[in-house]
Amino acid sequence: MLSYPYHYYWQEQNVLFSDVYRLFGHFYYYQYAGPILQCVAFVVILLVIGHIPYLVLRRMRLRRCAIVVLILVFISDIYYTYLHSPFNHNYKPYQYGLSHRDFEKTLSVEMEYYFGNYHNVLQNVHNVGIQNVVISFYYYLASAHLGLLPDNLLKISPKELGTLQTIGEDTALAIINMMNDLYYSVGDMTYAERAAMMSCVFSPNNINMKMLKRLAEVNLVSGDTLAAMKYIRYLSKSSIYREWAVEHTPGHTMSERVRMDIESKRRYLNNSDTLRLGDNCRVILTELLKSNPRNEIALDYLLCTDLLLKDIELFKRDYDKYYLERGLERQKELYQQALVIYLAGTDATEEQWSKYITMPYVKKRFAEYNKCRGSQDFKETYWYYFDKE
Amino acid sequence: MKYLVCIIAFIAFTSCVEHPTNVVVIDAMPVIYPDYVGVTIPASIAPMNFSVEESGLELVDVRVVGSEGGEIHVRGEWADFEICEWHTLLSQNIGGTLTFNVMAKVNGEWQRYKPFEMIVSDCDMTDYGVVYRRIAPGFETFSTLGMYQRCLATFEESAIIESRAVDGSCMNCHYSNRGNPEQFSLHIRGKHGCTIIHNGDEDRYLNTKTSETAGACTYGYWHPEGRYCAYSLNRIYQNFYVGPDKIIEPWDAVSDIAILDTHSDELIVSPLMSTHDFETTPAFSADGRTLFFCKAPYCEMPAGYNQLHYSLCAVAFDEKRGAFGDSITTILDGDNLGKSISLPRPSYDGRWLMFCMTDYGTTPLNRMESDLYLLDMQTGITRVMDEVNSNESDAYHNWSSDANGWFLFGSKREDHLYSLLYFALVDETGHATKPFLLPQRNPKEYYRENLHSFNAPDFTTRKVELNVQQTRSEVLSGRVSAVRIKH
Numbered sequence: 000m001l002s003y004p005y006h007y008y009w010q011e012q013n014v015l016f017s018d019v020y021r022l023f024g025h026f027y028y029y030q031y032a033g034p035i036l037q038c039v040a041f042v043v044i045l046l047v048i049g050h051i052p053y054l055v056l057r058r059m060r061l062r063r064c065a066i067v068v069l070i071l072v073f074i075s076d077i078y079y080t081y082l083h084s085p086f087n088h089n090y091k092p093y094q095y096g097l098s099h100r101d102f103e104k105t106l107s108v109e110m111e112y113y114f115g116n117y118h119n120v121l122q123n124v125h126n127v128g129i130q131n132v133v134i135s136f137y138y139y140l141a142s143a144h145l146g147l148l149p150d151n152l153l154k155i156s157p158k159e160l161g162t163l164q165t166i167g168e169d170t171a172l173a174i175i176n177m178m179n180d181l182y183y184s185v186g187d188m189t190y191a192e193r194a195a196m197m198s199c200v201f202s203p204n205n206i207n208m209k210m211l212k213r214l215a216e217v218n219l220v221s222g223d224t225l226a227a228m229k230y231i232r233y234l235s236k237s238s239i240y241r242e243w244a245v246e247h248t249p250g251h252t253m254s255e256r257v258r259m260d261i262e263s264k265r266r267y268l269n270n271s272d273t274l275r276l277g278d279n280c281r282v283i284l285t286e287l288l289k290s291n292p293r294n295e296i297a298l299d300y301l302l303c304t305d306l307l308l309k310d311i312e313l314f315k316r317d318y319d320k321y322y323l324e325r326g327l328e329r330q331k332e333l334y335q336q337a338l339v340i341y342l343a344g345t346d347a348t349e350e351q352w353s354k355y356i357t358m359p360y361v362k363k364r365f366a367e368y369n370k371c372r373g374s375q376d377f378k379e380t381y382w383y384y385f386d387k388e
Numbered sequence: 000m001k002y003l004v005c006i007i008a009f010i011a012f013t014s015c016v017e018h019p020t021n022v023v024v025i026d027a028m029p030v031i032y033p034d035y036v037g038v039t040i041p042a043s044i045a046p047m048n049f050s051v052e053e054s055g056l057e058l059v060d061v062r063v064v065g066s067e068g069g070e071i072h073v074r075g076e077w078a079d080f081e082i083c084e085w086h087t088l089l090s091q092n093i094g095g096t097l098t099f100n101v102m103a104k105v106n107g108e109w110q111r112y113k114p115f116e117m118i119v120s121d122c123d124m125t126d127y128g129v130v131y132r133r134i135a136p137g138f139e140t141f142s143t144l145g146m147y148q149r150c151l152a153t154f155e156e157s158a159i160i161e162s163r164a165v166d167g168s169c170m171n172c173h174y175s176n177r178g179n180p181e182q183f184s185l186h187i188r189g190k191h192g193c194t195i196i197h198n199g200d201e202d203r204y205l206n207t208k209t210s211e212t213a214g215a216c217t218y219g220y221w222h223p224e225g226r227y228c229a230y231s232l233n234r235i236y237q238n239f240y241v242g243p244d245k246i247i248e249p250w251d252a253v254s255d256i257a258i259l260d261t262h263s264d265e266l267i268v269s270p271l272m273s274t275h276d277f278e279t280t281p282a283f284s285a286d287g288r289t290l291f292f293c294k295a296p297y298c299e300m301p302a303g304y305n306q307l308h309y310s311l312c313a314v315a316f317d318e319k320r321g322a323f324g325d326s327i328t329t330i331l332d333g334d335n336l337g338k339s340i341s342l343p344r345p346s347y348d349g350r351w352l353m354f355c356m357t358d359y360g361t362t363p364l365n366r367m368e369s370d371l372y373l374l375d376m377q378t379g380i381t382r383v384m385d386e387v388n389s390n391e392s393d394a395y396h397n398w399s400s401d402a403n404g405w406f407l408f409g410s411k412r413e414d415h416l417y418s419l420l421y422f423a424l425v426d427e428t429g430h431a432t433k434p435f436l437l438p439q440r441n442p443k444e445y446y447r448e449n450l451h452s453f454n455a456p457d458f459t460t461r462k463v464e465l466n467v468q469q470t471r472s473e474v475l476s477g478r479v480s481a482v483r484i485k486h
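As given, the protein sequences belong to chains A and B, one line each in that order.
Numbered per numbering that gives the first Met the number 0, the first sequence spans residues 0 to 388.
Numbered per numbering that gives the first Met the number 0, the second sequence spans residues 0 to 486.
Structure (structure tokens):
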């Protein structure tokens with residue numbers, strides 16, 4: 000687990016402490032302040048301000064002067080921390096449609112993903128007890144990194160893979176901010192760069208440190224050292240990101256772990272040089288799979304998207320083309336369940352059944368499901384999702 | 000008592016100034032940022048401040064000596080020259096050289112480098128400054144952007160108009176008539192879209208979209224007499240690349256050329272310039288009798304995006320009649336060259352024509368192979384300007400209003416991403432001096448922390464004055480005049 004409240008990390012990424020940082024030379028995090036707390040702070044400020052003329056009239060002595068100075072510091076503190084802080088005033092969590100508590104819970108998933116703690120992401124999702132698209136998105140992404148996307152696809156709602164989202168001027172900020180993670184994970188560096196740029200553009204003062212890191216990573220993977228260094232140099236100026244910047248600087252300071260990460264990402268790069276005629280994720284994923292059939296994250300996202308769309312024929316076609324024909328050996332129950340639907344619906348021969356269904360109990364369980372279609376006992380299965388959701 | 004305090008203060012002050020001792024002599028010039036070694040500068044340019052690129056750097060000590068006299072000495076984290084002292088030194092050394100003697104304290108040890116020089120050109124650059132659009136690249140969108148102007152003699156930058164003044168609408172390039180701030184056009188895009196024609200004290204707000212033309216006015220260029228402004232009418236789209244090497248490819252679905260008569264608000268069109276082919280980026284010759292532009296044969300877009308080769312063409316223009324000539328002359332054939340030409344910019348004395356050349360397409364700023372080329376209008380010889388080009392995109396050039404060879408251009412050589420402004424001087428033989436980056440007070444900090452591109456730059460002879468409040472109310476009111484079509 001991370002060491003301090005999740006919204007501190009969010010503030011670090013969105014550079015919401017710069018003024019105080021410049022004043023005192025250390026980072027200072029804003030606190031949540033809901034409407035009630037803001038009202039209390041406002042009343043306190045009014046009382047203190049009202050008291051100052053009284054003190055002046057009483058001809059203050061030195062000690063009282065010190066008290067007034069302390070009170071003014073206190074006012075400033077309340078003012079910047081609660082009442083008019085950029086965090087609460089301009090970028091407050093309700094703008095994301097979330098209460099403070101839910102915002103913190105949502106960040107607990109997003110930030111654990113950001114730091115690569117994928118198991119923590121899965122654990123937090125089950126602990127937080129709330130559901131929203133951001134939580135689902137990072138749950139699926141963490142699952143995909145662990146090779147568990149088909150296993151976890153039906154475990155939560157809403158089922159937001161991100162593959163049906165596109166980025167445009169009307170896209171919600173929360174969606175824009177997370178899409179670069181999807182593109183980067185599946186290996187599409189062009190769209191990861193585009194999404195990160197867009198996210199930066201819509202961030203306070205056009206700067207978002209998380210996105211600058213992503214832009215640096217994207218360019219390192221693409222091999223554009225000149226561009227990567229632009230962002231790494233920028234990040235190295237910040238005490239929070241300096242260590243990261245040193246670790247990612249091409250040359251002798253780059254750590255072995257980072258070098259291997261970059262190398263593994265490069266294997267997934269798209270090697271065709273044509274124009275893309277839209278940001279349909281299906282096109283992106285199939286192009287990536289053509290370049291690298293072993294890109295399991297892209298493959299799982301493609302197949303799971305087909306399944307969420309309940310397009311079984313398309314799923315079967317993709318399964319054949321990108322899974323069977325390339326001799327992949329991973330067997331996932333979710334895919335088996337979907338294939339059962341296809342085979343049962345097409346009066347498949349016994350030979351086809353044995354070709355596709357390698358988990359015999361799936362066939363048996365399907366027979367049981369058919370006796371009580373839509374039963375809650377099968378809530379975890381794709382058949383239930385297919386029929387009921 | 001007063002004198003005693005002064006003496007103590009003086010002693011205390013002078014005792015703080017460190018005198019370099021045990022100086023190690025380095026047999027090389029210092030590596031400085033920006034690379035100003037050997038550049039040629041105009042006498043009016045702001046201080047060419049720079050940093051020394053050494054790890055463990057503590058102090059920089061620079062003594063600048065003019066070949067015709069004068070000297071400046073600075074010491075600090077970077078070479079930060081005082082503006083008045085700098086201009087005095089430059090005015091003393093017009094046509095001469097400045098020698099920079101650089102010492103750096105690195106890890107507690109002073110090092111002396113071989114001196115380097117800058118040449119102070121006797122070609123004056125009298126322009127007040129440069130105008131550009133500063134934008135954080137978001138590819139398809141933006142949050143805040145603006146048109147800015149920067150004084151070339153100092154570091155002062157001011158906004159002409161920012162997008163927040165017009166409710167966040169996008170703004171396109173500012174086109175002035177040879178840097179004249181009294182006459183320019185500016186496009187506002189989006190809901191409150193219009194073309195602003197600023198002419199002296201009068202601002203006109205025009206809707207240049209018509210049912211008969213391909214699109215709204217896009218790339219513009221003023222006729223030297225100031226009545227007409229040529230525009231390409233483009234319908235622009237863009238697509239992303241699949242592979243990681245290139246990012247985005249803007250392309251025109253349709254593009255034609257028309258000329259706006261600013262006296263009558265008429266858009267002069269001609270079948271010659273409104274064909275099925277793609278005509279774009281017009282520019283009038285110095286005498287105003289010829290209109291240069293780029294033209295590519297029609298192909299299905301975006302499928303044929305990498306076969307699109309624009310040629311450099313010209314057509315006569317009769318200013319008295321306000322009419323195009325009867326035929327088009329192809330000056331450089333893009334298909335024959337296997338290249339695509341864009342952004343022709345004739346020098347204001349008519350001697351040169353500078354343009355960009357890329358492998359294909361129409362937006363050089365997005366193409367890293369984009370280079371500047373120079374056509375000698377007297378001999379007809381074209382040469383690639385290797386002395387100013389880089390491995391990254393070099394484009395969006397414009398000539399100084401002095402018409403003595405100074406020009407600026409945008410280049411992404413710094414980081415492949417953000418376009419920055421460079422200046423150079425073309426001599427009588429058509430060769431340019433080494434380009435120098437627009438000076439800043441602390442260039443290393445400024446450019447390394449910069450996350451904006453400097454788009455569509457041009458010179459301005461004086462400071463641009465735009466009544467932002469009035470512009471805002473007129474744009475938001477939606478009171479725009481429709482242009483009429485004149486065949």
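The beta-carbon is built from N, C-alpha and C at its ideal position, and this holds for glycine as well.
Computed from a predicted structure; not experimentally measured.
- For Asp251 (chain B), the enclosing beta strand (DSSP E) stretches over residues Ile247 to Asp260.
- Under the three-state reduction of DSSP output, Glu103 (chain A) falls in the helix class.
- Checking the DSSP bridge columns, you'll see Pro345 (chain B) partnered with B:Leu352.
- With its beta carbon less than 9 Å from one in chain A, Phe239 (chain B) belongs to the interface.
- Counting only residues of its own chain and dropping the five nearest sequence neighbours on each side, Leu144 (chain B) has a CB closer than 8 Å to the CB of Arg132, Arg133, Ile134, Ala135, Glu161, Ser162, Cys169 and Met170.
- The C-beta separation of Gly333 (chain B) from Ser339 (chain B) comes to about 5 Å, placing the pair in contact by the 8 Å criterion.
- Put simply, of B:Ser418, B:Ser400 and B:Ile93 the residue whose alpha carbon is nearest the alpha carbon of Ser369 (chain B) is B:Ser418.
- Those residues of the region 154 to 187 of chain A placed with their C-beta closer than 9 Å to a C-beta in chain B are Ile166, Gly167, Glu168 and Asp187, ordered along the chain.
- Around the C-beta of Asn270 (chain A), fewer than 16 other C-beta atoms lie within 10 Å, and the residue is accordingly described as exposed.
- Between the beta-carbon of Tyr381 (chain A) and that of Ala337 (chain A) there is about 5 Å, and that keeps the pair under the 8 Å contact cut.
- Going by DSSP, Gly344 (chain A) is part of the alpha helix (DSSP H) stretching over Glu332 to Gly344.
- Counting only the Cα atoms, Cys355 (chain B) lies some 6 Å from Leu342 (chain B).
- Of the residues B:Phe316, B:Pro456 and B:Arg440, the one whose Cα lies closest to the Cα of Glu81 (chain B) is B:Arg440.
- DSSP links Val22 (chain B) through a beta bridge to no other residue.
- Phe154 (chain B) sits in coil when the DSSP states are folded into three classes, being neither helix nor strand.
- Assignment of Met376 (chain B) by DSSP, reduced to helix, strand and coil, places it in the coil class.
- Listed by position along chain B, the residues whose Cβ is nearer than 8 Å to that of Tyr233 (chain A) are Arg447, Glu448 and Leu450.
- In the DSSP assignment, Glu368 (chain B) falls outside any beta strand (DSSP E) and carries neither an H nor an E.
- The beta carbons of Ser263 (chain B) and Arg234 (chain B) sit no closer together than 9 Å.
- Chain B has no Cβ within less than 9 Å of the Cβ of Val47 (chain A).
- Your pair Leu205 (chain B) and Ser476 (chain B) does not check out as a contact, with CB atoms roughly 14 Å apart and the cut at 8 Å.
- Contact note: His415 (chain B) reaches chain A through Asp223, Leu225 and Ala226, using a C-beta cutoff of 7 Å and chain order.
- If you look at Arg234 (chain B), you'll find it in the beta strand (DSSP E) that goes Tyr227 to Tyr240.
- One Cα belongs to Leu364 (chain B), the other to Ala229 (chain B), and the distance between them is close to 21 Å.
- For Ser339 (chain B), the beta-bridge partners assigned by DSSP are B:Thr357.
- Taken atom to atom, the span from the alpha-carbon of Leu88 (chain B) to that of Leu436 (chain B) is near 20 Å.
- For the region 264 to 292 of chain A, residues whose beta-carbon sits nearer than 7 Å to a beta-carbon of chain B comprise Leu268, Asn269, Asn270, Ser271, Asp272, Thr273, Leu274, Arg275, Leu276 and Glu286.
- Here DSSP, grouped into helix, strand and coil, assigns Pro180 (chain B) to strand.
- For Arg74 (chain B), DSSP records a beta bridge to B:Asp60.
- Where His125 (chain A) is concerned, the enclosing alpha helix (DSSP H) starts and stops at Tyr117 to Val127.
- Close partners of Glu248 (chain B) in chain A (Cβ separation under 8 Å): Leu274.
- Taking a cut-off of 8 Å on C-beta distances, the region 207 to 214 of chain A does not touch the region 396 to 413 of chain B, as fewer than three cross pairs fall below it.
- DSSP places Ala195 (chain A) in no beta strand (DSSP E) but in the uninterrupted alpha helix (DSSP H) bounded by Met188 to Val200.
- Along the length of the region 265 to 306 of chain B, whole beta strand (DSSP E) runs at least 3 residues long occupy 265 to 267, 277 to 283 and 289 to 295, reported in chain order.
- Excluding the 5 residues flanking it on each side, Gly199 (chain B) has same chain C-beta neighbours closer than 8 Å at Glu181 and Gln182, in chain order.
- Relative to the Cα of Leu424 (chain B), the nearest Cα in the group B:Met124, B:Ile246, B:Tyr309 and B:Ser184 belongs to B:Met124.
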